[in-house]
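This report concerns only the one structure given below.
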Amino acid sequence: MSMLFQNQKDFWSGLIFIVIGAVAVYIGGDYAMGTAGRMGPAYFPTILGSLLAIIGAIAVVRSVATSGEAIEKFTIKGMTLVIVSTLLFGFVVRGAGLAIAVVLVVLLSGLASIRFKFVPFLAVAGGLAVFSVLVFVKALGLPMPMFGPWLGF
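Residue 84 in numbering that gives the first Met the number 0 sits at position 85 of the sequence shown, and the numbers go up by one each step.
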């Protein structure tokens, strides 16, 4: 298989995108589609799943044409940190607020990287927290606190 696919990372990530996109389209098939002006419950998963599958197909085709690094060893530590940080976000967002939850998820999931350095990741986390608050709380008006009751706000 490595002879045909020169870029294994693109191949496997593209394959994962195709499978997840196809599953989303399949699940959305049980619901009414609607129109762009009056979207039904199937509209979002069908459109998003289709786009994800197309992006995956592009990655698979690209894996044949370009060379890349071999896939590194699978690490339980990295996977665990990403999953725990996602769960932590869900537990913390109501009590500490969106800004704190975003900073925590970025820093904790960042520990999964071998290139983790605290200051650059803190800068990214702060920027992402500001962006998230502006988009989700201010622009979209989602009912979640910027800073939650755990912090006395």
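C-beta: ideal position from N, C-alpha, C; glycine also.
These figures come from a predicted structure and were not determined experimentally.
Neighbourhood of residue i by C-beta, 6 Å cutoff - its chain only, sequence neighbours within 5 removed
i, result
"Gly27", "Ala41, Pro44 and Thr45"
"Gly48", "Gly20, Ala23 and Val24"
"Gly13", "Gly55, Ala58 and Val59"
"Ala128", "Ala98, Val101 and Val102"
"Val104", "Ser84 and Phe88"
C-alpha distance - residue i paired with residue j, whole-angstrom precision
i, j, result
"Leu86", "Ala35", "33 Å"
"Val101", "Trp149", "15 Å"
"Gly89", "Leu3", "41 Å"
"Val116", "Phe152", "Reading the sequence as shown, one finds Lys at residue 116 and not Val. Spanning the two alpha carbons is a distance of roughly 30 Å."
"Phe10", "Ile70", "10 Å"
"Val137", "Gly147", "It is worth fixing the name first, because residue 137 is Lys in this sequence and not Val. Near 15 Å, if we compare the C-alpha coordinates of Gly147 and Lys137."
Beta-carbon separation (whole angstroms), residue i vs residue j, contact threshold 8 Å
i, j, result
"Ile17", "Ala52", "5 Å"
"Gln5", "Gly55", "Actually they are not in contact, since the Cβ atoms of Gln5 and Gly55 sit about 17 Å apart, beyond 8 Å."
Extent of the continuous alpha helix (DSSP H) run through residue i
i, result
"Arg93", "Ile75 to Ala95"
"Gly36", "Element bounds for Gly36: n/a, residue is neither H nor E."
"Pro119", "Phe117 to Ser131"
Contacts around residue i, its chain only, beta-carbon distance under 7 Å, and the 5 residues preceding and following it disregarded
i, result
"Ala31", "Gly39, Pro40 and Ala41"
Could you check whether the stretch 91 to 111 touches the stretch 139 to 149, counting it as contact only if at least three pairs of C-beta atoms, one from each stretch, sit closer than 8 Å? yes
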